[in-house]
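2 protein chains.
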Amino acid sequence: MTTPADLYEQHRELLDQAIAAAGARDYWSAYPESPSKSVYGEDAAPAGERAFTALLGKQFPIEVPGATGTVSTERSPYGIELGVSYPRADPAALVAAARAATPGWRAAGPYGRAGVAAEILRRINARSFELAHAVQHTTGQAFVMAFQAGGPHAQDRGLEAVAYALAETTRVPVVSTWAKPQRGGEPLRLAKTSTVVGRGVGLVIGCNTFPTWNGYPGLFASLVTGNPVIVKPHPGAVLPLAITVQIAREVLTEAGLDPNVVTLAVEERGDGIAATLATHPDVRIVDFTGSSEFGNWLEANARQAVVYTEKSGLNTVVVDSTDDYKAMLRNLSFSLSLYSGQMCTTPQNFLVPAGGFDTDAGRRSPDEFAADLAAALDKLLGDPKRAAGTLGAIVNEGVLARIAEAGSAAGVVHPSTAVADEQFPNATIRTPVVARLDAADEKIYTREWFGPVSFVIATESTAHSLRVFTETVRQHGALTAAVYSTSPQVVEQAREAALDAGVHLAENLTGGVFVNQTAAFSDLHGTGANPAATASLTDAYFVTGRFFTVQSRHHVEAADA
Amino acid sequence: MTTPADLYEQHRELLDQAIAAAGARDYWSAYPESPSKSVYGEDAAPAGERAFTALLGKQFPIEVPGATGTVSTERSPYGIELGVSYPRADPAALVAAARAATPGWRAAGPYGRAGVAAEILRRINARSFELAHAVQHTTGQAFVMAFQAGGPHAQDRGLEAVAYALAETTRVPVVSTWAKPQRGGEPLRLAKTSTVVGRGVGLVIGCNTFPTWNGYPGLFASLVTGNPVIVKPHPGAVLPLAITVQIAREVLTEAGLDPNVVTLAVEERGDGIAATLATHPDVRIVDFTGSSEFGNWLEANARQAVVYTEKSGLNTVVVDSTDDYKAMLRNLSFSLSLYSGQMCTTPQNFLVPAGGFDTDAGRRSPDEFAADLAAALDKLLGDPKRAAGTLGAIVNEGVLARIAEAGSAAGVVHPSTAVADEQFPNATIRTPVVARLDAADEKIYTREWFGPVSFVIATESTAHSLRVFTETVRQHGALTAAVYSTSPQVVEQAREAALDAGVHLAENLTGGVFVNQTAAFSDLHGTGANPAATASLTDAYFVTGRFFTVQSRHHVEAADA
Chain A
10 MTTPADLYEQ
20 HRELLDQAIA
30 AAGARDYWSA
40 YPESPSKSVY
50 GEDAAPAGER
60 AFTALLGKQF
70 PIEVPGATGT
80 VSTERSPYGI
90 ELGVSYPRAD
100 PAALVAAARA
110 ATPGWRAAGP
120 YGRAGVAAEI
130 LRRINARSFE
140 LAHAVQHTTG
150 QAFVMAFQAG
160 GPHAQDRGLE
170 AVAYALAETT
180 RVPVVSTWAK
190 PQRGGEPLRL
200 AKTSTVVGRG
210 VGLVIGCNTF
220 PTWNGYPGLF
230 ASLVTGNPVI
240 VKPHPGAVLP
250 LAITVQIARE
260 VLTEAGLDPN
270 VVTLAVEERG
280 DGIAATLATH
290 PDVRIVDFTG
300 SSEFGNWLEA
310 NARQAVVYTE
320 KSGLNTVVVD
330 STDDYKAMLR
340 NLSFSLSLYS
350 GQMCTTPQNF
360 LVPAGGFDTD
370 AGRRSPDEFA
380 ADLAAALDKL
390 LGDPKRAAGT
400 LGAIVNEGVL
410 ARIAEAGSAA
420 GVVHPSTAVA
430 DEQFPNATIR
440 TPVVARLDAA
450 DEKIYTREWF
460 GPVSFVIATE
470 STAHSLRVFT
480 ETVRQHGALT
490 AAVYSTSPQV
500 VEQAREAALD
510 AGVHLAENLT
520 GGVFVNQTAA
530 FSDLHGTGAN
540 PAATASLTDA
550 YFVTGRFFTV
560 QSRHHVEAAD
570 A
Chain B
10 MTTPADLYEQ
20 HRELLDQAIA
30 AAGARDYWSA
40 YPESPSKSVY
50 GEDAAPAGER
60 AFTALLGKQF
70 PIEVPGATGT
80 VSTERSPYGI
90 ELGVSYPRAD
100 PAALVAAARA
110 ATPGWRAAGP
120 YGRAGVAAEI
130 LRRINARSFE
140 LAHAVQHTTG
150 QAFVMAFQAG
160 GPHAQDRGLE
170 AVAYALAETT
180 RVPVVSTWAK
190 PQRGGEPLRL
200 AKTSTVVGRG
210 VGLVIGCNTF
220 PTWNGYPGLF
230 ASLVTGNPVI
240 VKPHPGAVLP
250 LAITVQIARE
260 VLTEAGLDPN
270 VVTLAVEERG
280 DGIAATLATH
290 PDVRIVDFTG
300 SSEFGNWLEA
310 NARQAVVYTE
320 KSGLNTVVVD
330 STDDYKAMLR
340 NLSFSLSLYS
350 GQMCTTPQNF
360 LVPAGGFDTD
370 AGRRSPDEFA
380 ADLAAALDKL
390 LGDPKRAAGT
400 LGAIVNEGVL
410 ARIAEAGSAA
420 GVVHPSTAVA
430 DEQFPNATIR
440 TPVVARLDAA
450 DEKIYTREWF
460 GPVSFVIATE
470 STAHSLRVFT
480 ETVRQHGALT
490 AAVYSTSPQV
500 VEQAREAALD
510 AGVHLAENLT
520 GGVFVNQTAA
530 FSDLHGTGAN
540 PAATASLTDA
550 YFVTGRFFTV
560 QSRHHVEAAD
570 A
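Heads up: the protein sequence lines correspond to chains A and B, in order.
The numbers in our numbering rise by one with no breaks, and the one at position 47 of the first sequence is 56.
The numbers in our numbering rise by one with no breaks, and the one at position 196 of the second sequence is 205.
This is how it looks when you write it as structure tokens:
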């Protein structure tokens, strides 16, 4: 048997590096993002595809305590038949199993738990190709993105959470000696022991678009801080998390631990087990990514738990001026197109002065900018094959409905069109909608239009843009913001506005970095400071609420101290 | 002008030491607890008394934005006339003033804010004698305790919060450079700036018994993490916090900052401004010490804020066996008597096996133990002068009512009696009540009897005691627990039970350390893991929810990086 302590020793160097990288916040990555043979081996890609194909049309091999019957709820945005079925969860049985697994997990200690977590991530990484197919056919991400964002990038975010959890749970020394000087006598001496105790059962509620990337931080943060975790995938994206839980249980079992430290909760659409689990008295931690509606419900109703939500918001771009208009348009059109704008970080609202703004290609009015952005989209997406690789497929009916609604309104400057895919003829692929609005149309642009829908909004001036930016983000939230300006003063004002709004800011991105992408160990994802999210991936706050430190103390003689 | 940066440089060594001590958690203290002339100077004691006396019967000199009229609500448990009056607060005006003070405070940065905080603590320390009189005559603590717990110990707890806040707000580097290698090209390079942004206006709701000790951690944690703070004292104990706020405003003004970073909110009894302030949309942090009733109300209703509460619970002692019965009785009787049991950490429930337990003085039944404890109390409190110095005075009518209620019930083995004080003939001084109960009397002992009321409860066995301990503390909370046993197995079981209950454990205390005392920089106060408190004084969790980190990023050339 490989004990948790053995696993810690095996992964110690990696964990040390991860903690150092999270502290430095410069570039670092543990899991290579390139799906190339030179990195993952000659057979990795075909073997991963075979493993994925072997799962289709079958019951997924996983043990779920107390499950009754099976469910099968996924459909591929690429139009292939999936037909994977899973045991249907019984929430009470899952919570009971999690509670029963708690004492052994507590006893494994922070280092043992981090060792187990690192081994889980190692095995997840080894199955990155299989996971990429699973992510592609549940989320609609194109394959390369599914590999990167669903694989190594998600694994990096998971390891980042492990690093923070390990650092924070080992900050208080396990043993300390207290010797208080006494006037005219021996010091008072106490030996003190500090033990990390998890808050209780953790629940991770997965989302449809980024099941692993958004699921891993909460999963690994709760695990390493001493909590069992119930993983409840979105009915549309079960497989990536089912594979994850399968791996976790395998590692736990091999380490001599109760596999019910991590369990899978799959439901029939409409069973509502997320709400049932989230309000169970023994569920003390909830991680959620998804709609503001359910996120706000969880915050209001899961009162017995600490609730970490990542919801939605109004990602905003303030356009003031640029000295590289072409590169700005190229950068922005890619941001709007990547995974069809189905990222919680995709820009929605472009605030542009009505009087126009200066560029190296001359002054541009809002109408001209909108037309130029539409042309940039057409250029980027002109070749269907390349377009499909950037856009991916539309994840669900909700996004399609928003595309239709936005496309039928007035002011559309770039209508959404269907794109054909060679490999998957039944794929649902669409280009983005861009529409022109004015600052007064706030009823439209203060709603979040999750999916490929953006607005070019004319404001009175850049100063007005910054006010609209701060006010709308303070009220409705945002995960990202960007500014384009050649004026250092305006950039400084935008920074202040972003601090007031509580949102991260990208300045003058014109190259190969996009506002909707964040890098683990360097960029924080979300701030907690605006309504779009209650926490940040990942900082100390994201992990410190998941555990407590309980002390015991007793007298010792000087010789023992 | 002494800038915040200057103040940081002045106090840098102290702050570095405090951060190191909080990490090591062995013995460390910044402010001497001895009220002796050799430490505080020849004239410190009389000067402090003169300063206190000069405040009596007058309007307290402090500016309060938007205040209308004055209020005077304090009475001394020692029976002297206080007659200090304060400006009556207007909650909306205070919140507006706090918001207006925020940008300047944010701009001071973590180090500048820590420098300001350390200077505030230095001046508080210099006024420790004046504060001791103020604490004595509002809380009823005897003078030496008022000096120590209300002065240096509270200052240590404040500095501990400063240390944690400074450490956590400086963990993410302000500037970092990210350079991601690209295949066959120059790395992608970004410069990133991280800025600490406070959560919003902080509110500290003080308590009647330990206004400074329990008030300083939240006050300084919120301040150093970038938030303005409104200090709302208990109507019975305004003066110690009024002096504190006066000092804070003085330091802020001298440092060129808006003094409204810290304001005082005094009310007429019944104004209910704590609830008004705690539910104001701009109040985003609430620190509260006091009754479970109002603490639970705050947790349920101050939904826009992060709420840190320290409420009440069932502090429990499991008695299994001892090899120093006399010392155990001496230790426990002092714990019950110190400040008349009016500490949130005083033991209430003693769980003793019905069949008796082994001691070095022979076997003792619950009845015998109760009688021996009563005798130990009589011995400790036999001399009225010494008794008064230990007991202090009864803080308010609520405690007197509970003494009367407990004393009139069946099973009393030590009735409460009045003690006369030489210096203050009108002081209200009482000895503790001890009553005998059985495990079945849970309706009585699962209530918290704040004040000098304790129960010796007969259980079936030590195993049963441990079950009762875990169950009652999990359900009703506790801030402290203790075990007496000569059996290493029982001590180990008690540790596990304490981990399950989520409460700190003191083992076999028989000397000069008492279960109701905790030392800053070493002992955590509260765990957050049971209903008695939502956080611990002080750990990282206590500070990380008070701020956010907001990043901005932009391209840089290799030369800039």
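Beta carbons: idealized from backbone N, C-alpha and C, even for Gly.
(1) Mapping DSSP to helix, strand and coil, what is residue 351 of chain A?
(2) Quick check on this structure: which residue in A/330, A/270, A/500 and A/512 has the alpha carbon closest to the alpha carbon of residue 110 of chain A?
(3) Under 8 Å, do residue 199 of chain A and residue 119 of chain A count as touching if we go by C-beta distance?
(4) Along chain B, in chain order, which residues have C-beta atoms closer than 7 Å to that of residue 329 of chain A?
(5) Does the beta-carbon of residue 231 of chain A have 16 or more other beta-carbons within 10 angstroms, so that it is buried, or is it exposed?
(6) Tell me whether the beta-carbon of residue 437 of chain B lies closer than 8 Å to the beta-carbon of residue 403 of chain B.
(7) Closer than 7 Å by beta-carbon distance: list the chain A residues that pair up with residue 563 of chain B, in chain order.
(8) Check for me: the alpha helix (DSSP H) holding residue 17 of chain B runs from which residue to which?
(9) Of all Cβ atoms in chain B, is any one closer than 8 Å to the Cβ of residue 559 of chain A?
(10) List the endpoints of the continuous beta strand (DSSP E) containing residue 201 of chain B.
(11) Hey, is residue 165 of chain A's beta-carbon within less than 8 Å of any beta-carbon in chain B?
(12) Of the residues that make up the segment 95-121 of chain B, which ones have a beta carbon closer than 9 Å to any beta carbon in chain A?
(13) Between A/180, A/226, A/21 and A/107, which has its C-alpha nearest residue 163 of chain A's C-alpha?
(14) Which of the three DSSP states, helix, strand or coil, is assigned to residue 241 of chain A?
(15) Within 10 Å of its beta-carbon, does residue 191 of chain B have 16 or more other beta-carbons around it, so buried, or fewer, so exposed?
(16) Extract the residue ranges of the beta strand (DSSP E) inside the segment 419-446 of chain B, only unbroken runs of 3 or more that lie entirely within it.
(17) Nearest-angstrom Cα distance between residue 141 of chain B and residue 522 of chain A?
(18) Does the beta-carbon distance from residue 378 of chain A to residue 361 of chain A come in below 8 Å?
(19) I want to see whether chain A comes within less than 8 Å of residue 319 of chain B, judged by CB atoms only; does it?
(20) Return the chain-ordered list of same chain residues with a C-beta closer than 6 Å to the C-beta of residue 445 of chain A, the five sequence neighbours on each side being excluded.
(21) Kindly indicate which three-state DSSP category residue 211 of chain A falls into: helix, strand or coil?
(22) Which chain C residues are close to residue 493 of chain B, counting only those with a beta carbon under 8 Å from its beta carbon?
(23) Given this structure, state the Cα-to-Cα distance separating residue 559 of chain B from residue 504 of chain A, to the nearest angstrom.
(24) Taking the beta carbon of residue 373 of chain B as the centre, do at least 16 other beta carbons fall within 10 Å, making it buried, or is it exposed?
(25) Under 8 Å, Cβ to Cβ, is there at least one residue of chain B near residue 538 of chain A?
(26) Pull up the distance between the alpha-carbon of residue 204 of chain B and that of residue 169 of chain A, whole angstroms please.
(27) Looking at chain A, which residues of the segment 292-311 of chain B have a Cβ within less than 9 Å of any of its Cβ atoms?
(28) Residues in the same chain with beta-carbon distance under 6 Å from residue 352 of chain B, minus the five sequence neighbours each way, listed in chain order, please.
(29) Is there a Cβ of chain B sitting closer than 8 Å to that of residue 526 of chain A, yes or no?
(30) Name the chain B residues whose beta carbon is nearer than 8 Å to that of residue 33 of chain A?
(31) Could you give the distance in angstroms between the alpha-carbon of residue 337 of chain A and the alpha-carbon of residue 500 of chain A?
(32) With a threshold of 8 Å between beta-carbons, can residue 332 of chain A be considered close to chain B, or not?
(33) Sorted by chain position, which residues of the same chain lie with C-beta nearer than 6 Å to residue 435 of chain A's C-beta, five sequence neighbours on each side aside?
(34) Going by C-alpha to C-alpha distance, which of A/456, A/37, A/561 and A/197 sits closest to residue 301 of chain A?
(35) Do you know offhand how far residue 241 of chain B's Cα is from residue 357 of chain B's?
(36) Would you mind reading off the limits of the alpha helix (DSSP H) that contains residue 133 of chain A?
Quick look at the numbers:
(1) coil
(2) A/270
(3) no
(4) Here the premise fails: no neighbours, minimum Cβ distance about 14 Å.
(5) buried
(6) yes
(7) 516 and 517
(8) 13-33
(9) yes
(10) 194-207
(11) no
(12) 112 and 115
(13) A/226
(14) strand
(15) exposed
(16) 421-423
(17) 59 Å
(18) yes
(19) no
(20) 379, 420, 422 and 465
(21) strand
(22) In the structure shown, chain C cannot be found, because the protein chains are A and B.
(23) 10 Å
(24) buried
(25) yes
(26) 20 Å
(27) 308 and 309
(28) 525
(29) no
(30) 182 and 185
(31) 16 Å
(32) no
(33) 88
(34) A/456
(35) 29 Å
(36) 118-135
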